[in-house]
Every structure is written in structure tokens, then in C-alpha cells.
Amino acid sequence: MFLCEKPQLISIVIETLSKISNIYIILLRCSKINIQRFAAMKNSIKVAVVGATGMVGRTMLKVLEERNFPISMLLPVASERSVGSTVRFNEADVNVVSMEEAIAQKPDLALFSAGGDTSLQWAPKFAEVGCTVIDNSSAWRMHADKKLIVPEVNGAAIGASDLIIANPNCSTIQLVMTLKPLHDAFGAKRVIVSTYQSVSGTGKEAIDQMEMERKGVDGKMVYPYPIDRNCLPQCDVFTDNDYTKEEMKLTNETCKILGDKSVHVVATAVRVPVTGGHSESVNVEFEKAFEVDEVKRLLANFPGIRVQDQPELKMYPMPLYAAGKDEVFVGRIRRDFTRENTLNMWIVSDNLRKGAATNAVQIAEYLLANGRW
Ligand SMILES: NC(=O)c1ccc[n+]([C@@H]2O[C@H](COP(=O)([O-])OP(=O)(O)OC[C@H]3O[C@@H](n4cnc5c(N)ncnc54)[C@H](OP(=O)(O)O)[C@@H]3O)[C@@H](O)[C@H]2O)c1
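Going by the working numbering, the sequence shown opens with residue 73, and the numbers climb by one from there.
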């Protein structure tokens with residue numbers, strides 16, 4: 073009755089309540105913005121992402137965002153053809169700038185993923201203005217005076233004067249993460265690794281090739297043969313010894329990261345029609361005897377490793393489920409019954425995340441935690 077008699081009063085009450093709730097929402101939003109600003113101000117630094125429009129670069133932006141890396145200014149850099157376009161970061165469109173524009177801003181940190189030649193040419197120019205460069209290409213990895221870092225394995229090797237720091241090859245990172253705890257315990261003598269590497273490991277043009285093939289449309293060929301419904305026993309180019317560059321990266325980078333030239337690694341690297349996530353079948357011969365349960369325990373306790381090994385439940389790592397995750401997944405852990413002190417295992421990780429972007433951001437986090445900025 074009252075409601076019917078006082079319609080005007082009711083509408084005033086509703087309007088007032090709605091205004092109050094709108095003001096409350098605005099205040100709530102402002103307080104969130106302020107909190108973000110405050111967080112961004114504490115130790116926050118200028119960050120350039122070189123190759124920001126590529127597969128790794130875009131993943132770097134995502135990882136920086138997810139991990140709330142303290143950034144006061146983001147400088148996305150790509151080739152001249154992308155300058156003026158935008159990338160998304162923290163729900164905003166940020167303009168892509170040129171190398172020169174980025175250097176002029178004197179960034180504190182540059183995450184590079186724009187190929188080896190670009191790194192060779194530009195990383196020293198960023199370092200000249202005092203910028204720390206973390207480089208994803210192969211340009212600096214085997215330089216005697218450059219550190220090759222997986223933070224969980226050898227983060228402590230970084231010194232105060234290291235301005236260009238190399239990020240290892242994607243297939244090497246997941247291998248050394250797994251080898252480290254086992255090498256420390258039992259001494260790895262010989263490692264035989266066969267890789268099953270995803271197409272995203274070659275970059276965005278390779279994804280385009282596979283998608284065109286799947287649609288039955290002619291397009292640019294990045295690989296020498298079709299990749300869909302195929303396996304290519306060639307990742308990167310061949311070297312003088314008939315191994316590919318990718319295979320030799322596994323051999324050389326593993327020893328450098330473990331700091332032990334006596335570990336003999338021999339690889340066969342194969343490209344498979346999987347979109348994201350590299351897999352590796354690994355056979356390791358150790359100096360010392362081991363128990364498989366102890367191997368599983370050591371792996372499970374190592375930071376960044378997830379053991380997925382329950383054959384009775386058909387549980388083992390697969391790229392379909394590793395894609396988008398930061399961990400290195402290990403399963404099919406079993407003794408090689410044909411050889412003494414020898415183990416077989418199956419390792420899977422997302423090549424764009426722990427194999428590239430996440431590892432690079434973790435190096436930056438390590439530097440931040442150790443007072444670099
Ligand atoms: N994909 C992986 O899983 C992986 C893993 C570890 C390491 N890496 C390494 O990371 C690097 C990038 O790989 P990706 O897969 O992200 O390749 P991608 O998808 O082809 O992207 C390449 C990026 O580099 C930029 N770029 C190319 N030439 C440039 C130049 N002259 N100056 C400035 N920027 C330039 C491109 O810009 P535009 O868009 O303007 O062309 C793009 O942003 C390579 O060195 C690769 O070996 C890749």
C-alpha cells in the first residue's frame with residue numbers, strides 16, 4: 073500500500089542508494105589503482121622487451137604481468153615494421169618503439185628475444201647505457217666471459233659486473249633442471265637425449281606454416297619439408313660434424329651450466345607437429361649406483377620440477393598439459409636394465425615459458441632480489 077502511494081519517494085531512495093554504491097565502486101577502483109601504483113613504485117625499474125611482438129616476447133609480457141614484476145616503464149621493441157603498432161600489457165595498449173628510442177630511455181633491464189644477429193648488434197649498445205641484458209638467442213651463450221643461467225641450477229654464478237646474461241636454449245633448460253639434482257647425487261657420466269620439439273620453438277612463422285598446411289593452403293615454408301603429419305629429424309642447421317646446431321647446443325650448454333665438462337651429452341633433435349611444449353627421452357649413465365625411489369625423491373624436491381609418474385594410472389607428462397605452465401614435468405622414470413647405473417626418463421616443458429620467457433624473468437627476479445636495482 074505504502075509502496076503504491078509513494079512512488080516518487082521510492083525512486084528517490086533507489087537513486088540515492090545507486091549513487092552511493094557507484095561512489096563506493098569508484099572509491100574501490102581508485103584504491104586498487106593506488107595499491108598498484110604503490111607496488112610499482114617500490115624498486116620499480118624501466119624494462120625493455122626486445123622482440124615484444126614475437127612468440128617469446130609476447131610470453132615475456134604475459135609472465136612479467138602474471139608475476140607482477142615491478143615495472144615503472146615498459147618499452148616494447150620490435151623490428152622497424154612493427155614500430156608504431158601496440159602490444160597489450162596490464163590491460164593497456166603500449167606502443168612498440170625502435171631500438172634507438174628504447175636505448176634513449178636508458179632502461180635498467182632489457183629482455184631480448186629477437187634472434188642472434190639482433191642480439192650481437194644491439195645488446196652491447198643497451199649494456200653501454202648501464203642496462204642489464206638477458207638474452208634468449210644463442211648469440212652469447214658460449215662466450216667465455218658470459219654467464220649462461222638457469223636460476224635454480226647456477227643463479228649464484230652471476231656476478232655484479234655481468235651486464236649481458238645468456239638464457240639457455242629451450243631444450244637445454246628442461247634437461248639441466250632434471251640433471252642437476254641427479255648429477256649432484258650420483259655423477260652423470262653420459263647422457264643420450266632424443267627430443268620431440270614443438271613448432272612454437274621455431275617462432276611465429278613456423279606456426280603459420282603448420283596452420284596453412286592444416287588448412288590445405290600454400291604458404292611460406294620455414295621448414296624444408298611439411299611439418300604437419302610429419303617428424304623432421306633436423307632442428308636448426310647442420311654443423312660440420314653432421315649434428316645440427318640444436319643438438320650441439322644440448323651438448324655444449326649442458327656442460328657449461330653444470331660447470332662440468334666431463335658430462336658427455338649426445339643428442340638427436342626432432343621437430344614434431346605439436347604447437348607448444350618440448351618433450352625429451354633421456355638416458356643417463358651415472359658414476360654411482362642409485363635407487364629409483366631416491367631419484368624420484370630428489371627430482372620431486374627440486375624447485376621447479378613436478379614428477380608425474382604413475383604408470384598404473386597412465387600418468388606421465390605430455391606437451392598438451394605442460395603448455396602454459398612454468399614447471400618441468402618428469403615421468404617414465406625407470407632403470408635401464410641393459411646397463412649398470414643407468415636411468416631412463418621422459419621430460420616435458422613449455423618451451424616458450426620455462427624454456428625461454430619464464431627463465432629470463434626468473435633471472436631478472438634473482439637480480440632484483442640480490443640488489444641489482
Ligand atoms: N620460440 C622458442 O621456443 C624459443 C625458445 C628459446 C629461445 N628462443 C629464441 O628467442 C628468439 C625469438 O624467438 P621467437 O620464437 O619469439 O621468434 P619470432 O616469433 O619470430 O619473433 C621474433 C621477434 O623478433 C623481432 N625482430 C626480428 N628482427 C628484428 C630486428 N632487426 N630488430 C628488432 N626486432 C626484431 C620480431 O619483430 P617483428 O614482429 O617486427 O618482426 C619479433 O618480435 C630467437 O633468438 C630464438 O632462438 C626461442
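Note that beta-carbon positions come from the ideal geometry of N, C-alpha and C, so glycine has one too.
- Cα atoms of L254 and A174: separation of roughly 42 Å, rounded to the nearest angstrom.
- Relative to the Cα of V155, the nearest Cα in the group I143, E137, V168 and S144 belongs to V168.
- For I236, the three-state secondary structure derived from DSSP is strand.
- Taking a 10 Å sphere around the C-beta of E352, we find 16 or more other C-beta atoms and assign the residue as buried.
- Taking C-alpha positions only, D234 is separated from L192 by approximately 16 Å.
- In terms of Cα proximity to Q177, the closest of A120, T125, V159 and V402 is A120.
- By the C-beta density criterion, H350 is buried, having at least 16 other C-beta atoms within 10 angstroms.
- Taking 6 Å as the cut-off, one finds at least one heavy atom of ligand 1 near enough to the beta carbon of A186.
- Secondary structure note for Y393: its alpha helix (DSSP H) is the uninterrupted segment P391 to A394.
- Around the Cβ of C307, a 10 Å sphere holds 16 or more other Cβ atoms; the residue is buried.
- Of all alpha-carbon atoms in R406, I237, N373 and V342, the one lying nearest the alpha-carbon of V400 is that of N373.
- The beta carbon of A361 lies closer than 6 Å to those of N413 in the same chain, with the five residues before and after it left out.
- Straight through space, the alpha carbons of I377 and R407 are spaced by roughly 20 Å.
- Closest option to C303, judged by alpha-carbon separation, among I221, I117 and Y268: Y268.
- In the structure shown, the three-state DSSP call for P142 is coil.
- Taken through DSSP and simplified to helix, strand or coil, Q193 comes out as helix.
- According to DSSP, residue pairing for G403 in a beta bridge involves W418.
- By the beta-carbon neighbour count (other beta carbons within 10 angstroms, threshold 16), Q382 is exposed.
- Annotated three-state conformation of F198 is helix, per DSSP.
- Sorting A195, L251 and N241 by C-alpha distance to the C-alpha of V402 places L251 at the top.
- Shortest Cα-Cα distance from P296 to any of M320, N416 and R343 involves R343.
- V121 has P148 and L183 as its beta-bridge partners, per DSSP.
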